[in-house]
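S.K.: Supplied in structure tokens, the structure appears directly below.
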């Protein structure tokens, strides 16, 4: 038994409108052996992947696949279902799959849907290895394999925030193209498309981001506008920081001027003796350190999307709750075992890491890592509620006072951000800041939205949908028309005729042909450009009003389409010299 081919289709393809993995598996001597002829095969398979018992299969009802196993089915069919079940186990709900023999050989084409390429490919390999082991009576550790595939999905897939935006766009019928392996995505095509990285849009100006990243500039602008902000002063030495703290009055906060995600921030500093350590920690992230008035109260994040409050969260710093048995270090280890916690932003929550600031905070509370807190006692490990440092969130959207909504909207507008995270410290977000009990402590460009998508308590807020609705208001366009031409002969001529007709109507035409990629009469790339890569390149150009794509059958068969769907498809003809590629 061996795998002869393994590849991923990441767009619509000849097998499905879904993304699929294609495998060609040679069953060799196992070709004509059914599952009920292999000792203990069915029993061990269902023990390792019990979810297979509810697969429908061609029978069309729950348990259909199990019935096929009992009757005796071929191993390629089992590989298909096993790969799907492995992906289901890691939360990728997929069900499309097919397994077909290639002519009279012992080889089979197996295709199954996937959500992320790396995890899909590994699921295919694992399913093959599983069936190989079961056929020969060998042991197989499926749990370890599934855990590795889950980690690959988290590593290479879109993060929770970006995925929420991409899913919201797809729900609206807006095509989504991932650019690179990070969090940059393109929504739509041609002159109407928008690009995003995290929650930064291509409408966000660089100067607005720079101002938001400089906390002194932010405070100056907001203060001038009458928005309550903490008193503060920038320092470059420990001595200056102590002088500033004396003038401002204790307690104070020390933070890097251009920091983010709560890195290097020390809060509630009570005396000059604590300044030195806090300054040294902050100086690891910036030469300029902001000494700031400590605002008492809770830490709230208000998410502004297009001049509207979309969500509000109470942010709770990383903490553990004592049980009278485990040490602080052990409690952190136990809390980090939560499947929702990851190393970075790939999961809903982030693992808690004990750093120097955490040790100082523990000491202030009378604890060390080896201390055993009494049952029910909450021990804090951070002072800021950032999710990126292990914090949690409680939804408070329905509680914010209208005056505070207006303050947050104004703060985002003054800095010039279309999407912003406004951090407010106050005792109660339902009471107006005008009563003098709170302040805006930060304005964040590219704010994380995990806290609103996965609150520890309260309602889930569909902020990804709000972002897409801001970028593409209902009734607006998101893509240019796409005309795709394929066939044996006459593709280039047809493409050029259509292009000429549309140019006479005043449209700026993007065109791919065997002679190159053109925008109007300007050739921007020479060569045979009739594959999916050329189509993607053209559709990412904001200059075009319409895309006319000569589309070779080789690219369709080998890689799928370079776009989501064409508005008009032209099939010129089919002759025998264009048949037979990959069995088509």
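In this note's numbering, the protein residues as written are 1217 to 1800.
Where is the CB? At the ideal position from N, CA and C, for every residue including glycine.
Does the distance between the C-beta of residue 1221 and the nearest non-hydrogen atom of the ligand SAH fall short of 7 Å?
M.R.: As presented, the structure is devoid of all ligands, the ligand SAH included, so that no description of it is given.
S.K.: Mind checking residue 1308: buried by the 16 CB within 10 Å criterion, or exposed?
M.R.: Buried.
S.K.: Anyone know if the C-beta pair for residue 1595 and residue 1540 falls short of 8 Å?
M.R.: Cβ distance not < 8 Å, so residue 1595 and residue 1540 don't count as in contact.
S.K.: Indicate whether the contact test is met: 3 or more Cβ pairs, each with one atom in the segment 1440–1457 and one in the segment 1677–1684, closer than 8 Å.
M.R.: Output reads no: the segment 1677–1684 does not touch the segment 1440–1457.
S.K.: What are the boundary residues of the alpha helix (DSSP H) that includes residue 1720?
M.R.: Note, residue 1720: alpha helix (DSSP H), 1707–1720.
S.K.: Quick one: which unbroken alpha helix (DSSP H) runs of 4-plus residues sit fully inside the segment 1400–1441? Chain order, please.
M.R.: Listed in chain order, they are 1422–1429 and 1431–1440.
S.K.: From residue 1576 to residue 1777, what distance separates their C-alpha atoms?
M.R.: Rounded to the nearest angstrom, the two C-alpha atoms are 56 Å apart.
S.K.: Check each candidate in 1742, 1389, 1236 and 1239 and name the one with the smallest Cα separation from residue 1692.
M.R.: Minimum Cα distance to residue 1692 is reached at 1389.
S.K.: Under the assumption that residue 1346 contacts residue 1358 (Cβ atoms under 8 Å), give the Cβ distance between them as a whole number of angstroms.
M.R.: Sure, about 6 Å apart at Cβ, within 8 Å.
S.K.: With residue 1388 as the anchor, note down where its alpha helix (DSSP H) starts and where it stops.
M.R.: Careful: residue 1388 lies outside any alpha helix (DSSP H) and carries neither H nor E.
S.K.: Okay, do the segment 1425–1437 and the segment 1617–1632 touch, 3+ Cβ pairs below 8 Å being the bar?
M.R.: Judged by Cβ distances under 8 Å, the segment 1425–1437 makes contact with the segment 1617–1632, as three or more pairs qualify.
S.K.: Less than 8 Å between the CB atoms is what I'm expecting for residue 1483 and residue 1510, so what's the real figure, rounded?
M.R.: That belief holds up - the Cβ atoms of residue 1483 and residue 1510 are roughly 6 Å apart, short of 8 Å.
S.K.: Rounded to whole angstroms, what is the Cα-Cα separation between residue 1607 and residue 1361?
M.R.: Approximately 30 Å, taken between the alpha carbons.
S.K.: From residue 1472 to residue 1503, what does the alpha carbon distance come to, in whole angstroms?
M.R.: Going by the C-alpha atoms only, they are around 8 Å apart.
S.K.: So, helix, strand or coil for residue 1744, using DSSP?
M.R.: Residue 1744 falls in the coil class under three-state DSSP.
S.K.: Between the C-alpha atoms of residue 1356 and residue 1255, what's the straight-line distance to the nearest angstrom?
M.R.: If I take the Cα positions, the gap works out to 16 Å.
S.K.: Using a Cβ distance threshold of 8 Å, determine whether the segment 1488–1503 contacts the segment 1632–1647, with at least three qualifying pairs required.
M.R.: These segments do not touch.
S.K.: For residue 1461, tell me which candidate among 1490, 1438 and 1437 has the shortest Cα-Cα distance.
M.R.: Among 1490, 1438 and 1437, the Cα nearest to that of residue 1461 belongs to 1490.
S.K.: Using the three-state DSSP reduction, which class does residue 1500 fall into: helix, strand or coil?
M.R.: Note: residue 1500 maps to coil in three-state DSSP.
S.K.: At the level of alpha carbons, what is the spacing between residue 1532 and residue 1498?
M.R.: Roughly 21 Å separates the two Cα atoms.
S.K.: Could you check what DSSP says for residue 1525 in three-state terms: helix, strand or coil?
M.R.: Strand at residue 1525.
S.K.: Pick helix, strand or coil for residue 1322, following the three-state DSSP scheme.
M.R.: Reduced to three states, the DSSP call for residue 1322 is coil.
S.K.: Check whether the Cβ atoms of residue 1237 and residue 1250 lie closer than 8 Å to each other.
M.R.: No; because the gap between Cβ atoms is not below 8 Å, this pair is not in contact.
S.K.: Just to confirm my understanding: we take residue 1410, look at its own chain, exclude 5 residues before and 5 after, and list those with CB closer than 7 Å. What are they?
M.R.: 1403, 1404, 1417, 1418 and 1687, listed in sequence order.
S.K.: Say whether the segment 1597–1612 touches the segment 1660–1675, bearing in mind that this needs 3 or more beta-carbon pairs closer than 8 Å, one atom from each stretch.
M.R.: Yes, the segment 1597–1612 is in contact with the segment 1660–1675.
S.K.: Starting from the Cα of residue 1721, find the closest Cα among 1233, 1762 and 1370 and give me that residue.
M.R.: Residue 1721 has its Cα closest to that of 1762, out of 1233, 1762 and 1370.
S.K.: Between which two residues does the beta strand (DSSP E) holding residue 1729 run?
M.R.: Note, residue 1729: beta strand (DSSP E), 1725–1729.
S.K.: If we call anything under 8 Å between Cβ atoms a contact, is residue 1656 one with residue 1485?
M.R.: Contact: no.
S.K.: I'd like to know whether the C-beta atoms of residue 1268 and residue 1297 end up nearer to each other than 8 Å.
M.R.: Cβ distance < 8 Å, so residue 1268 and residue 1297 count as in contact.
S.K.: Can you grab the Cα-Cα spacing for the pair residue 1288 / residue 1221, in whole Å?
M.R.: One C-alpha to the other measures close to 26 Å.
S.K.: Tell me which residues share the same chain as residue 1312 and place their Cβ nearer than 6 Å to its Cβ, disregarding the 5 neighbours each side in the sequence.
M.R.: Around residue 1312: 1232, 1234 and 1329.
S.K.: Hey, how far is the Cα of residue 1401 from the Cα of residue 1519?
M.R.: If I take the Cα positions, the gap works out to 21 Å.
S.K.: Just to confirm, is the Cβ distance from residue 1732 to residue 1743 under 8 Å?
M.R.: It is a contact, given that the beta carbons lie within the stated cut-off.
S.K.: Apart from the five residues just before and just after residue 1523, which ones in its own chain have a Cβ nearer than 7 Å to its Cβ?
M.R.: So the qualifying residues of the chain are 1625 and 1629.
S.K.: Using the Cβ count rule (16 or more neighbours within 10 Å means buried), how would you classify residue 1512?
M.R.: Answer is exposed; the Cβ neighbour count stays below 16.
S.K.: Any idea which residues DSSP pairs residue 1472 with across the strands?
M.R.: Paired residue(s): 1505.
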